[in-house]
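Worksheet: one structure, shown below.
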Amino acid sequence: ADGRVAAAGAVGALLRDGVPLVLAQTRHGQLPYYDDGDVMGAFVGVPVMEGGHLRGLLCADRVAPFDDRDREMLASAADQIVRAVQSEHVFRAVERAKYEHERFYHASAMLCRALTLEQVTETAFEAAAQIIDYDAAVITLHDREARSHRVASVRVNPGAEHLLRADSLAGLEFRDNTGLASMVVKNRHYLTVGGEVRDVTAPVFTKKIKVHAESLLVLPLLSADEAIGTFTLTSRHKLRFGKDVREMLSIIANQVAVSLQNGMMYKKMEFMATTDGLTGLTNHRTFQDRFADLLERAGRHNYKSAMLLCDVDHFKKVNDTYGHPVGDEVLRRVARVLQDVARKIDITARYGGEEFAVVLEATDLDGAVLVAERIRSEVGKMQIESDKGPFQVTMSLGVAAFPDDSRERATLIERADHALYHAKESGRNRVVSYQAFVASRKARRAS
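Residue numbering for the sequence shown follows my numbering, beginning at 674 and increasing consecutively.
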């Protein structure tokens, strides 16, 4: 955009004030980055700041208004941009440094390709191994507000099990203490001095966790000058972590921190892209994809599956009588029932409005009807509080079976919907299978 565009409208206000801006509805000309000045809608924008300096602006607009969560997500994305730029600065510095050799670059490149948290931690161990042979490594994450640490991942190389027990660290959480990991986070500087163990009495993590090593290095994972965790490396050999190695590992640790932040952002954005914001269940689009994968798997391995389509009875009346916030609470409570009843391998989704879908893997029709009846019963037991007193709701469910009712996803959904409609038409608060619906229709025609 030229200078006139940058200084105009909402963008100009962001440049001038340097603080996040949320507009529920823009006016003509307030979105100057469009060639068509008549484009109007909701707007959110945040400054991209680095070290107190404005580096750019991150803006978004759409028809629906933005809320505080949207603004926070955009602010997080702005931080991500800054971290990406900082990461690029790190790589440029590395290119100019004296450690320009193939193994170091390979270690850094490995981290750049990691996306998820699990990939980052595993790649961090591999990257460190490109720099130096070590016996055991541990990555912890620090929660500044809770003042606590959590062991995110552990690697103990074969033959080094006597130095550190991986099972004693798996999932360990501990508060800030006088251990080396806590001190490294607090001071944002590595320990031990020189990477050597010289009668160190302080524990590395907690007093109960024993670490036997001749060489020990606990590095801070620094992101935007904040320690988000630690990267600990140990060796049974002396003089393993000399000055040159420490400097290279420190740069690797900084890249690990950036990659971890990226992974956490990726996980958060993936969750928001695939999850219904109100209920926490799988959203409709993701449900369709996962359902297709499940049916392909069921067809390949020749096992049965089933789909439940569920609908809260008289939900409009709930909204009209008790208000939409109470209606939202009903949907959240129903979602919890579905999650509690279904297994981890099953799919629970908000299909739309007050409709929910459950896909049961490796389950025949009889088993699916039993699950549906349990859902119906548990929903009926719910006690919903409101300003007008407590009340209860009921649920109707339709069931279609794979492959008996159909092998096609669209047809299964359609037939579960037919069964659901029959359940509502015949009195609500009941479970009807597609086969029962067909039998009932034949009986009506015969009579």
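We treat Cβ as the ideally placed atom computed from N, Cα and C, and that holds for glycine.
Here the structure is a predicted model, which means the values were calculated and not measured.
C-alpha distance - residue i paired with residue j, whole-angstrom precision
i: D1019; j: M980; result: 10 Å
i: G1000; j: L696; result: 28 Å
i: H726; j: P693; result: 15 Å
i: L1004; j: L951; result: 8 Å
i: R728; j: H701; result: 27 Å
i: E723; j: M938; result: 18 Å
i: L836; j: P720; result: 48 Å
i: G832; j: L790; result: 27 Å
i: Y863; j: H815; result: 15 Å
i: T1036; j: R919; result: 55 Å
i: P738; j: A1116; result: 52 Å
i: Q647; j: A1083; result: Because residue 647 is not part of the residues shown, which for the chain are 674 to 1120, the question remains open.
i: L967; j: R817; result: 40 Å
i: R958; j: T1021; result: 12 Å
i: R1009; j: L954; result: 9 Å
i: E1098; j: A733; result: 45 Å
i: L1070; j: H1091; result: 10 Å
i: S978; j: D1078; result: 11 Å
i: Y772; j: V1032; result: Residue placement at Y772 is poorly supported in this model, since its pLDDT is 47, which falls under 50; the coordinates still yield a value, given next. Answer to the nearest angstrom: the Cα atoms are 54 Å apart.
i: R909; j: H762; result: 35 Å
i: D743; j: A1074; result: 40 Å
i: A683; j: Y995; result: 39 Å
i: D949; j: E887; result: 51 Å
i: H974; j: E1034; result: 12 Å
i: Q703; j: L687; result: 12 Å
i: G718; j: D708; result: 19 Å
i: A802; j: A810; result: 10 Å
i: F764; j: M921; result: 12 Å
i: P705; j: R689; result: 15 Å
i: I754; j: K916; result: 32 Å
i: V1066; j: R861; result: 55 Å
i: G685; j: G691; result: 10 Å
i: Y976; j: D1039; result: 14 Å
i: V736; j: T699; result: 10 Å
i: D1060; j: K1054; result: 19 Å
i: A748; j: A1096; result: 47 Å
i: D675; j: E969; result: Annotation note: pLDDT 45 at D675 (below 50); position unreliable, coordinate value reported separately. Computed Cα separation, rounded: 52 Å.
i: V1122; j: S760; result: It is not possible to answer for residue 1122, since the shown part of the chain is limited to 674 through 1120.
i: T905; j: V884; result: 11 Å
Contact belief for residue i with residue j at Cβ below 8 Å, rounded distance in angstroms
i: R828; j: F798; result: 5 Å
i: N1126; j: D808; result: Given that the chain is displayed from residue 674 to residue 1120, the structure contains no residue 1126 and the question cannot be resolved.
i: I812; j: T794; result: 5 Å
i: F878; j: F847; result: 6 Å
i: G972; j: R1080; result: 7 Å
i: L894; j: L933; result: 7 Å
Pair within 8 Å by beta-carbon distance, residue i and residue j
i: R1047; j: N1102; result: no
i: V1072; j: V1042; result: yes
i: L892; j: S923; result: yes
i: V857; j: T907; result: no
i: L731; j: A751; result: yes
i: V824; j: G852; result: no
i: G868; j: L889; result: yes
i: N956; j: R1016; result: no
i: Y1107; j: A1089; result: yes
i: I1057; j: R1006; result: yes
i: V1124; j: A1045; result: The displayed coordinates of the chain run from 674 to 1120. Any statement about residue 1124 would go beyond what the structure contains.
i: V826; j: I882; result: Position check: residue 826 holds Ser in this sequence, whereas Val was assumed. No, they are not a contact pair.
i: A800; j: I925; result: yes
Range of the contiguous beta strand (DSSP E) that encloses residue i
i: S855; result: Taken as a continuous stretch (DSSP letters only), S855 belongs to no beta strand (DSSP E), being part of the alpha helix (DSSP H) at L853 to N860.
i: V1042; result: Premise fails: V1042 lies in the alpha helix (DSSP H), L1038 to K1054, not in any beta strand (DSSP E).
i: L895; result: S888 to S896
i: I804; result: Taken as a continuous stretch (DSSP letters only), I804 belongs to no beta strand (DSSP E), being part of the alpha helix (DSSP H) at L790 to I804.
i: M980; result: S978 to V985
i: D816; result: A809 to D816
i: H822; result: S821 to V829
i: F1029; result: E1028 to L1033
i: Y1024; result: I1020 to G1025
Limits of the alpha helix (DSSP H) - the one that residue i falls within
i: G724; result: Premise fails: G724 is in no alpha helix (DSSP H) and is neither H nor E.
i: V999; result: H997 to V1014
i: F847; result: That residue, F847, is in no alpha helix (DSSP H); its beta strand (DSSP E) goes E846 to R848.
i: D962; result: H957 to H974
i: L842; result: A839 to L842
i: G685; result: G682 to D690
i: E1087; result: R1082 to E1098
i: V1111; result: Y1107 to A1119
Report yes or no: do three or more beta-carbon pairs, one from the region 973-991 and one from the region 1011-1030, lie closer than 8 Å? yes
Indicate whether the contact test is met: 3 or more Cβ pairs, each with one atom in the region 986-993 and one in the region 913-930, closer than 8 Å. no
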